[in-house]
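Residue numbers (my numbering), protein chains in the order written: chain A, 1 to 206; chain B, 207 to 591.
Positions of the beta carbon are idealized from the N, C-alpha and C atoms, including for glycine.
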Amino acid sequence: MKKSKQKWFYSEQVKEHFFNPKNIFRSKAEIAKFKADGVGMVGNPACGDMMKMWIKVDRKKGTIKECKYQTFGCASAIATTSVLSEMVKGMKLEDAFNITPKQIVEKLGGLPQVKYHCSVLGDRALREAINDYYRKTDQLEKIVTDSPIVDETLKITERDIENAVIEGAKTLEEVQQKTKVGVENKKVLPKVRELIKKFKEKHRIK
Amino acid sequence: MRISYLDNAATTPVDKRVLAAMLPYFSEKFGNPGSMHQKGLEAKEAVEEARKKIAKLIEAEPDEIIFVSGGTESDNLALIGIANALKEKGNHIITTNIEHHAVFDTCEYLEEQGFKVTFVPVEKNGIVNPKEIEKVITKDTILISVIYANNEIGTIQPIGEISKIAKSKEILFHTDACQAAGYLDINAKNLGVDLMTLNGSKIYGPKGIGILYAKKGTVIQPIIYGGGQEKGMRSGTENVPAIAGFAKALEIAQKERENESKRLVKLRDNLVDGIKNKIPDIIINGDLKKRLPNNVNISFLGVEGESMLLHLDAKGICASTGSACSSHSLEPSHVIKALGNSDEVSHGSLRFSLGRHTTEEDIDKVLKELPKIVESLRKISPIAK
């Protein structure tokens, strides 16, 4: 079969970001070297999308110096995280926190309706990373999250626990190593155990 | 760059011999087969000749062939048509959990209409155990429908055994044989089926044409009403060029199927072995022996199907994902999940379906490009090992 001009399902912007994702991590060494100030992960491999974001923050200016990520997902999921990583560079944390899926989709020149959820994951991953930064720098009052909070002391959410489980933590101790949940606030431990069990079942982890 | 088209289970190009058989019926012999004048009669002759030819190919009588608009309509007519015709007799239908959506979703519709449907799960190898079907038969069972060869994983179901069970219990048995027609025996007598679905677009025939074979005496209630064509079973002016093309396509497919199967089995096995050798952390979906000669379906852990598909496309290779993520739904494939796989594994599945134009060169190209693509996507995946 001869080939005519290459056709492409998505927009030209998606094409560029899909084939040449910007600011993406390609190895564990790069991640270690980056020494992130905040890390966030959203999605669920079961839904076919999983995004993890790492940010470096300029503490004096309160801006994002660099935004890196890894994505498991379709072309629009990869493009969404890529374009977002460019959009937030140099942006004030508050402004980055409020980026909407609509803004991301516009930057990509539109997405098919069925693919909008990919961009919804991008902005959430970023908010998780910013929250993580706030948590690590004792600015708990700034944390805003849509996931139910399990541990008020550190503002650890159900999503934080789910992510720890997805990343391989199987016991309470292992989840605590990753999240510090209930380390101080011991009365939440029964709830945490229950959540670990629930998420292990959800993701079919034995 | 030569395009390596490895998506023949989605659709096939129209064979030149088929196209030649169709061409007279567009502008020259354009008549409506329902007209009594000579233009009508020459079109009618084409339809009846095609009917005879198809009947002979599947060892049926011409009046057991109903022309419809494709595989989907044929499945709909079989299921809804039988369900409505026999609802006084019973309200239970049995099928499997790896049916094509044309059967699967139609069964769900029938459930909404008050029918009871049992979706018998297949074994881990993607093949249904006939005993499991026998077990769920009740006095209310009116129809069993099982896909002959699955469209996603190519596994071949024990149609002969199931038809014996159906016959012994006096239950009608339908099979969707769209993917099978190019490679397997579709002789209705040998298979022992009461109803069989075939279409043109998977066997190098035109799109928009299919048949429902319905054994003499099978009462079906039509689902489309109008001018009463096809003995009232399917109203609407006959698609004469497509009917002529379909008959030709089926004739060629059945004549060439044995040689073509032998040729493709080699290419298919080379592709599977090559991928196994070059790419770690994969799951081959479906039985490797009881399988269509042209089907390869593999899940690549830690990567998503659509991304692989689009990278392959950029290299001139056309494949397909089980996730259908780029088309209509984000749901992972119910077929890959039916094998006991997680959603994640289902999202990472890729189907290569070989065809008449596939050569060793195409297989080599996949084996050259795919390992690089999987590796690069695993590098950027937060869940890859």
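- Interface residue (Cβ-Cβ distance to chain A less than 8 Å): Lys585/B is classified as such.
- Within the same chain, Ile161, Ala164, Val165, Ala169, Val181, Val192, Ile196 come within 8 Å of Val175/A by CB-CB distance, once the 5 residues on both sides are set aside.
- Within the stretch 291 to 374 of chain B, the complete beta strand (DSSP E) segments at least 3 residues long are 298 to 302, 322 to 326, 347 to 351, listed from N- to C-terminus.
- Taking each of Pro148/A, Pro112/A, Ser147/A, Asn131/A in turn and checking the Cα distance to Glu141/A, the smallest one comes out for Asn131/A.
- Look at the stretch 67 to 84 of chain A: the residues with a C-beta under 8 Å from a C-beta of chain B are Gln70, Thr71, Phe72, Gly73, Cys74, Ala75, Ala77, Ile78.
- Distance from the Cα of Ser82/A is smallest, within the candidate group Leu108/A, Thr179/A, Lys61/A, Glu184/A, for Leu108/A.
- Rounded to whole angstroms, the Cβ separation of Ile156/A and Val150/A is 5 Å, and the two are in contact under 8 Å.
- Using a CB distance cut-off of 8 Å, Ile589/B counts as an interface residue toward chain A.
- Interface flag for Val309/B against chain A is unset, since no Cβ pair is found closer than 8 Å.
- A Cβ-Cβ separation of about 20 Å leaves Ser505/B out of contact with Asn476/B under the 8 Å criterion.
- Within the stretch 91 to 125 of chain A, the residues whose Cβ lies closer than 9 Å to some Cβ of chain B are Pro112, Val114, Lys115, His117, listed in chain order.
- For Gly398/B, no alpha helix (DSSP H) encloses it, and the DSSP letter there is neither H nor E.
- DSSP places Phe273/B in no alpha helix (DSSP H) but in the uninterrupted beta strand (DSSP E) bounded by 271 to 274.
- A distance of 8 Å or more separates the beta carbons of Asn405/B and Gly522/B.
- One Cα belongs to Thr324/B, the other to Ile350/B, and the distance between them is close to 10 Å.
- Considering only Asn500/B, Gln244/B, Glu550/B, the residue with the shortest C-alpha distance to His563/B is Asn500/B.
- For His540/B, no chain A residue has a Cβ inside 7 Å of its Cβ, as the nearest lies near 14 Å away.
- Per DSSP, Arg204/A is not a residue of any beta strand (DSSP E), being assigned neither H nor E.
- When the beta-carbon positions are compared, Gly40/A and Thr63/A stay at least 8 Å from each other.
- Cβ-Cβ separation between Cys313/B and Thr301/B: approximately 6 Å, consistent with a contact (criterion under 8 Å).
- Distance from Asn445/B to Gly414/B at the Cβ level is roughly 6 Å; contact confirmed, criterion being Cβ atoms closer than 8 Å.
- The straight-line gap separating the alpha-carbon atoms of Ala29/A and Lys578/B is approximately 20 Å.
- The alpha-carbon of Pro412/B is positioned some 60 Å away from that of Leu172/A.
- Distance from the Cα of Asn357/B is smallest, within the candidate group Gly398/B, Thr381/B, Glu367/B, for Thr381/B.
- Between the stretch 387 to 401 of chain B and the stretch 243 to 257 of chain B there are fewer than three inter-stretch CB-CB distances shorter than 8 Å, so the stretches are not counted as touching.
- Excluding the 5 residues flanking it on each side, Ser119/A has same chain C-beta neighbours closer than 7 Å at Thr80, Pro101, Ile104, Val105, Leu111, in chain order.
- Val83/A has no beta-bridge partner at all, per DSSP.
- Thr145/A and Ile542/B have their alpha carbons spaced roughly 35 Å apart.
- Gly442/B is not a Cβ neighbour of Gly451/B, given a cutoff of 8 Å.
- Under the three-state reduction of DSSP, Gly40/A is assigned to strand.
- Counting only the Cα atoms, Ala96/A lies some 42 Å from Asp213/B.
- In the DSSP secondary-structure assignment, Met53/A is bridged to Gly40/A, Tyr69/A.
- Three or more pairs of CB atoms, one per stretch, sit closer than 8 Å, so the stretch 366 to 384 of chain B contacts the stretch 335 to 352 of chain B.
- Contacts between Gly508/B and chain A, judged by CB atoms closer than 9 Å, involve Pro45, Phe72 in chain order.
- Inter-segment contact for the stretch 454 to 463 of chain B and the stretch 221 to 230 of chain B is present: three or more beta-carbon pairs are separated by less than 8 Å.
- In this structure, Met53/A is the residue among Ala77/A, Met53/A, Gln177/A with its C-alpha nearest to the C-alpha of Ile31/A.
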